[in-house]
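Everything below concerns the one structure shown next.
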Amino acid sequence: MPNQRIHSLFLSAWYPNRDDAMSGLFVRKHADAVSRFCKVTVLYVHADARITKREVRFENYNAVHEVYVYYPAGKGIVRLFWKPLQFIAAYLVGIRKVFSRYGRPHIVHVNVLTRTALPALYLKLTRGIPYVITEHWSRYLPSRNSFHGWLRKWCTRKVVNHSSALMPVSTSLSEAMGQHKIRNKNTVILNNVVDDFFFESIQSKSDSTNLKHILHISCFDDEPKNISGMLRVFARLCDERSDFRLTLAGTGKDFDKIKSLADSLSISSKLDFTGELSPVEIAQLLHAADFTVLFSNNENAPVVISESLACGKPVVATRVGGIPEMVDDSNGLLVDAGDEPALRKALHTMLDSFENYPSSIIQERAREKYSYASVGETLFNIYKNVLS
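Numbering (numbering that gives the first Met the number 0), first residue to last: 0 to 387.
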């Protein structure tokens, strides 16, 4: 099939929408990356308790065509029966809109299982359109252990078996899915994408303090991110040395809790809380930092690590999920989850040795793995192999 004729239809359980601009940003980036090689349309359906009738919206993100179908969620006990029916109807309406406005897709790209794969299976059985699956959800990992229910498991195995390719975003996720007997003979690891400007030299604010700058970026959800444990370690570190400063970038449900903990540990004067930042502002912080730290209890393939590496910065992180696939001796240090003494030791080591990590080599290796060009081409080649 000629390259210019390939049309990929993305279906995703998570995607930026009018209620949550941050939801599924990594899915949008995959769509944007492969849109440099083929035509891409995204269909996203979303329940909205504020509306009483279905709404269809057409938008564009760079070269990506986006079709949003918002449907009424229903209320009370009626919601249990109403919402699934509205979900199915929304997808049927959305598929018709995609076909009439943008043409028949040659391949469907499912993102985040399980129910999102059902419309793809429908299109395969009724229209003969193959589909591939990218999985981002960490629920299969032993540390999360949230993949339950015999019907969900049965449906997930069926839709994966019928797919033409399975693309988890980390080897650890692929192995965890395999433990649940979710397998496909055509399995390929698909890295998350880092915006191009992270690889560029961005001027940051000058600092006259000569302090070493450590950066933590997260959604401030303390249960998986263990920011409180990280702050306890920094409180010990503040008693032992005074040559560093920690910046915590982002916001989230535990933001106030973490700020209060910093006050109670008497380390607020050593910290900077930025609040919510744009991606460009995050890139500026990364370029100004000396290294980044993540003390998570569980992760999949954290974008903040790939962004840090794209800026040429080493990382201190935990051995959970897909992190050991991203961080090794050449670009950082790893500790066990929850091991506060080990984190303290690693931070001491990194504060004394971060300059020994070759920034240009870290960045170039990240470009080979996480750039739009690299990931987009990988995904496009998968499409071509499926359609050949």
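Glycine included, every Cβ here is placed at the ideal spot set by N, Cα and C.
| Item | Value |
| --- | --- |
| Using the rule of at least 16 other Cβ atoms within 10 Å of the residue's Cβ for burial, across every protein chain shown, is residue 279 buried or exposed? | exposed |
| Exposed or buried, which one is residue 320 when buried takes at least 16 other CB atoms within 10 Å? | buried |
| Over what stretch of residues does the beta strand (DSSP E) that includes residue 381 continue unbroken? | Residue 381 -> not in any beta strand (DSSP E); alpha helix (DSSP H) instead, spanning 371 to 386. |
| Count the other CB atoms, across all protein chains shown, that sit within 10 Å of the CB of residue 224; report buried if there are 16 or more and exposed otherwise. | buried |
| Have a look at residue 238 and residue 15 and give me their C-alpha separation to the nearest angstrom. | 43 angstroms |
| Between the alpha carbons of residue 294 and residue 100, how many angstroms are there, rounded? | 46 angstroms |
| What does the alpha-carbon distance come out to for the pair residue 349 and residue 315? | 8 angstroms |
| Is it buried or exposed for residue 85, if we count other Cβ within 10 angstroms and need 16 for buried? | buried |
| Roughly how many whole angstroms lie between the Cα atoms of residue 149 and residue 179? | 11 angstroms |
| Using 8 angstroms as the threshold, is the C-beta distance between residue 374 and residue 190 below it? | yes |
| Per the DSSP calculation, residue 243 is bridged to which residue(s)? | 211 |
| Quick one: give me the first and last residue of the alpha helix (DSSP H) that residue 351 is part of. | 339 to 352 |
| Could you check whether residue 299 and residue 137 sit closer than 8 angstroms to each other, using their CB atoms as the reference points? | yes |
| To the nearest angstrom, report how far apart residue 72 and residue 18 are at their CA atoms. | 14 angstroms |
| Give the secondary structure of residue 216 by DSSP, where H, G and I count as helix, E and B as strand, and everything else as coil. | strand |
| Anyone know if the C-beta pair for residue 266 and residue 219 falls short of 8 angstroms? | no |
| Give me, in chain order, the residues of the same chain whose beta-carbon lies closer than 6 angstroms to that of residue 158; leave out the 5 immediate sequence neighbours on both sides. | 116, 120 |
| Check residue 15 in the structure and name its three-state DSSP category. | coil |
| Helix, strand or coil for residue 44, going by three-state DSSP, please let me know. | strand |
| Determine whether the beta carbon atoms of residue 105 and residue 6 lie at a separation below 8 angstroms. | yes |
| By the 10 Å Cβ neighbour count, where 16 or more other Cβ atoms means buried, how is residue 175 classified, buried or exposed? | buried |
| Three-state secondary structure (DSSP) at residue 327? | coil |
| So what does DSSP say about residue 101, is it helix, strand or coil? | helix |
| Is it right to say residue 10 is buried, meaning 16 or more other beta carbons lie within 10 angstroms of its own, or is it exposed? | buried |
| Nearest to residue 261 by CA position, among 126, 241, 227, is which residue? | 227 |
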